[in-house]
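To start, the structure itself, in structure tokens.
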Amino acid sequence: MAEILGLGMTHSPPLMSAQGDTAARLRRMMSDPLLPPHYRDPQHWPEPMRREWGNDEGGAHVQRHRAELIDAMRWARKELDAFRPDLVIVFGDDQYENFREDGVPAFQINCFDAFTAKPWATKPPGYHNAWDEAPDTEFRYNANKRAAKELAARLIGEGFEVAYAYEPRHDEMPHAILNTLVFLDWDRRGFDYPVVPFLTNCYGRQLIPLKGGGVNDLAKIPSGDDLDPPGPAAWRCFDLGRALARILEASRWRTALISSASWSHSFLTGKTSYFHPDVETDRRYFAALQAGDYALWRNTSLADIEAHGHQEMLNWIFVLGAMAELGNRKPQEAFFVESWLTNATKAFAVFRP
Ligand SMILES: [Fe+2]
526 MAEILGLGMT HSPPLMSAQG DTAARLRRMM SDPLLPPHYR DPQHWPEPMR
576 REWGNDEGGA HVQRHRAELI DAMRWARKEL DAFRPDLVIV FGDDQYENFR
626 EDGVPAFQIN CFDAFTAKPW ATKPPGYHNA WDEAPDTEFR YNANKRAAKE
676 LAARLIGEGF EVAYAYEPRH DEMPHAILNT LVFLDWDRRG FDYPVVPFLT
726 NCYGRQLIPL KGGGVNDLAK IPSGDDLDPP GPAAWRCFDL GRALARILEA
776 SRWRTALISS ASWSHSFLTG KTSYFHPDVE TDRRYFAALQ AGDYALWRNT
826 SLADIEAHGH QEMLNWIFVL GAMAELGNRK PQEAFFVESW LTNATKAFAV
876 FRP
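Structural data, given as structure tokens:
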């Protein structure tokens with residue numbers, strides 16, 4: 526029986542930059558004419574959010590938040606190295622990168638031989654990456670086409686009709702995959718583990734209307750006929766994770782399963798008028814995760830996801846399904862990196878075999 530590691534982390538795009546998430550979006554949203562009046566004045570914000578705002582408009586919070594995330598990336602890499610995987614499956618969302626008007630699968634496994642990306646080449650002038658690397662820096666990662674194909678075939682055999690691709694339609698490395706790998710090599714020692722990207726249409730009904738982004742103007746919330754069909758249901762992702770654990774346990778690969786996503790995203794959270802993330806609901810999900818109470822996760826409805834800005838949580842549900850299958854394994858370590866002012870709270874967890 527092959528061993529399986531579960532790991533949860535974030536691919537938060539602002540962490541790629543030298544300054545991190547500066548809460549600029551929140552400040553911008555405060556002057557949106559359609560923002561409910563109680564959000565305009567920090568005095569009326571939830572208590573923990575006011576504390577983060579402090580008397581420096583969140584300046585100290587955003588710096589501390591960035592430092593905590595960098596520490597967590599080093600911690601995640603240590604866990605991965607201690608496990609020594611033959612294969613790393615990264616669960617990430619495709620945000621209008623390959624899933625576009627020309628085709629939107631629910632799930633897609635990329636069966637490539639290798640991946641490359643030049644993330645700094647397309648950044649606007651004035652952008653500084655966190656490592657001060659040259660604009661033409663190329664990242665190259667190993668993959669495992671044979672393993673990826675075999676996993677797709679086995680999942681289809683179990684009734685989970687995943688799409689598969691041998692080449693990118695548009696973007697070779699969607700940000701959820703690329704950022705995860707770039708962050709896991711924070712200290713630039715190299716990352717040689719073969720990677721299998723597992724992409725999901727997390728953004729569902731808002732994928733095409735928001736072009737993979739979020740609501741940043743309250744006059745432009747998509748509705749009615751503008752909406753797409755939904756992404757896959759939480760229970761389906763959970764059950765796919767269960768099936769994948771059975772397949773991998775019987776395989777020849779020692780596999781690390783990585784959930785890559787921040788939790789409630791402010792720009793997707795209907796319940797807070799897209800102003801701040803739903804941190805209280807995140808806390809409930811975190812408590813359930815720590816307790817190994819995965820039913821809360823599996824039973825999440827589409828209405829829950831859209832109210833709480835939990836679209837990207839689907840990336841975590843696959844791994845929790847796998848952990849449920851492996852004797853309801855609970856995380857040995859988990860931490861909640863809370864933030865009301867940046868776009869999302871983040872969480873990290875490890876489920877060692
Ligand atoms: Fe994402």
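With the first letter of the sequence shown counted as 1, position 91 gets the number 616 in the working numbering; the numbers rise by one all the way through. Here a beta-carbon is modelled for each residue, glycine too, at the ideal position from N, C-alpha and C. On a predicted model such as this, the values are computed, not experimentally measured, just so you know.
Original post:
Measuring CA to CA, which of K674, Q836 and A659 is closest to I614?
Top reply: The option with the nearest alpha carbon to I614 is K674.
Subject >> Exposure label - G579; buried when at least 16 CB within 10 Å >> reply: Classification for G579: exposed.
Subject >> Through-space distance from R679 to T547, alpha-carbon basis >> reply: Their Cα atoms are separated by approximately 44 Å.
Original post:
Under a three-way DSSP split, which group does T705 fall into?
Top reply: In this structure, DSSP gives T705 a helical state, which the three-state scheme calls helix.
Original post:
Excluding five sequence neighbours on each side, which residues of the same chain lie with their C-beta closer than 7 Å to the C-beta of K670?
Top reply: Counting only residues of its own chain and dropping the five nearest sequence neighbours on each side, K670 has a CB closer than 7 Å to the CB of C636, F637 and D638.
Subject >> Beta carbon of A688 nearer than 9 Å to that of I772 >> reply: No; because the gap between Cβ atoms is not below 9 Å, this pair is not in contact.
Subject >> Reduced DSSP secondary structure (H/G/I, E/B, other) of N840 >> reply: Secondary structure of N840 (DSSP, three-state): helix.
**OP:** Measure the C-alpha to C-alpha separation of A607 and D751 and round it to an integer number of angstroms.
**Re:** Counting only the Cα atoms, D751 lies some 47 Å from A607.
Original post:
Buried or exposed: where does G628 fall if 16 or more other Cβ atoms within 10 Å of its Cβ makes it buried?
Top reply: Classification of G628: exposed, given that the 10 Å Cβ count is below 16.
Subject >> Endpoints, beta strand (DSSP E) assigned at A690 >> reply: DSSP places A690 inside the beta strand (DSSP E), whose first and last residues are A688 to A690.
**OP:** Could you pull out every residue in the same chain whose Cβ sits closer than 7 Å to the Cβ of N538, ignoring the five residues on either side in sequence?
**Re:** Looking at the sequence shown, residue 538 is not Asn but Pro. If we look at P538 and ignore the five residues flanking it on each side, its Cβ neighbours are H700 and N704.
Original post:
Does DSSP classify E604 as helix, strand or coil?
Top reply: E604 falls in the helix class under three-state DSSP.
**OP:** Indicate the three-state DSSP secondary structure (helix, strand or coil) for Q568 in the structure shown.
**Re:** Helix, per DSSP.
Original post:
Between the segment 758 to 766 and the segment 562 to 570, are three or more C-beta pairs nearer than 8 Å?
Top reply: The segment 758 to 766 vs the segment 562 to 570: no contact.
Subject >> Exposed unless 16 or more other CB atoms sit within 10 angstroms - verdict on S864 >> reply: Per the 10 Å Cβ criterion, buried.
**OP:** Kindly provide the ranges of any beta strand (DSSP E) runs that are 3 or more residues long and lie completely inside the segment 614 to 658, ordered along the chain.
**Re:** Runs found: 632 to 635 and 639 to 642.
Subject >> Ranges of the beta strand (DSSP E) found wholly within the segment 708 to 744, counting only runs of at least 3 >> reply: Note on the segment 708 to 744: whole beta strand (DSSP E) runs with a minimum of 3 residues are 720 to 725, in chain order.
Original post:
Taking the alpha carbon of A847 as the point to measure from, which residue in K736, A768 and G684 has its own alpha carbon closest?
Top reply: Ranking K736, A768 and G684 by Cα distance to A847 puts A768 first.
Original post:
At a cut-off of 8 Å, is C727 close to ligand 1 when judged by its beta-carbon and the heavy atoms of the ligand?
Top reply: Set against 8 Å, the gap from the CB of C727 to the closest heavy atom of ligand 1 is smaller.
Original post:
Run through DSSP, which three-state label would R879 get?
Top reply: In the structure as shown, the chain begins at 526 and stops at 878. Residue 879 is therefore absent and cannot be evaluated.
Subject >> Buried or exposed by the 16-neighbour rule on C-beta atoms within 10 Å, applied to P650 >> reply: So P650 counts as exposed.
**OP:** Over the uninterrupted beta strand (DSSP E) stretch that includes I746, give me the two end residues.
**Re:** Note, I746: premise wrong, no beta strand (DSSP E); not H, not E.
**OP:** Can you tell me which of the three DSSP states T535 falls into?
**Re:** Coil, per DSSP.
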